[in-house]
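Novice: Just dropping this structure here.
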Amino acid sequence: MSPDPRLSYRAFLSVVAATLIVALAPIVVSGILGKSLPEALIATSDKVTTGLVTLLGTIGGLMFRQVPPSDPGRPQ
Numbered sequence: 078m079s080p081d082p083r084l085s086y087r088a089f090l091s092v093v094a095a096t097l098i099v100a101l102a103p104i105v106v107s108g109i110l111g112k113s114l115p116e117a118l119i120a121t122s123d124k125v126t127t128g129l130v131t132l133l134g135t136i137g138g139l140m141f142r143q144v145p146p147s148d149p150g151r152p153q
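Residue numbers (the working numbering): 78 to 153.
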């Protein structure tokens, strides 16, 4: 049974949106407030962005792979 492509696409777009929001949030906030942000907040944003990009790569790899997954009940 293969996953619904619409759900995979929605998950892919959700991770893209989350990555952009987390990556751009410190820039936008510092631009609006006109203050520099603490280093810890910038480091946290960087780590979360790195994790989300890794997740994005995993979801993209699963969505766009060329070889269909093997059926465990079917002999190779």
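Positions of the beta carbon are idealized from the N, C-alpha and C atoms, including for glycine.
1) Should the stretch 125–134 be called in touch with the stretch 92–109, which here means at least 3 C-beta pairs below 8 Å?
2) Considering only the beta carbon of each residue, do LEU133 and VAL92 sit closer than 7 Å?
3) For ILE109 and PRO103, I'd like the C-alpha separation in whole angstroms.
4) In this structure, does DSSP put ASP81 in helix, strand or coil?
5) Would you call the CB atoms of ILE136 and ALA88 closer than 7 Å?
6) If you reduce the DSSP assignment to three classes, tell me which class ARG142 lands in.
7) Do SER107 and LEU114 have their beta-carbon atoms positioned less than 7 Å apart in this structure?
Specialist: Checking against the coordinates, here is how it stands:
1) Contact between the stretch 125–134 and the stretch 92–109 is present, because at least three Cβ pairs lie under 8 Å.
2) yes
3) Taking the straight line from one Cα to the other gives about 10 Å.
4) coil
5) A Cβ-Cβ contact shorter than 7 Å links ILE136 with ALA88.
6) Three-state DSSP puts ARG142 in coil, outside helix and strand.
7) yes
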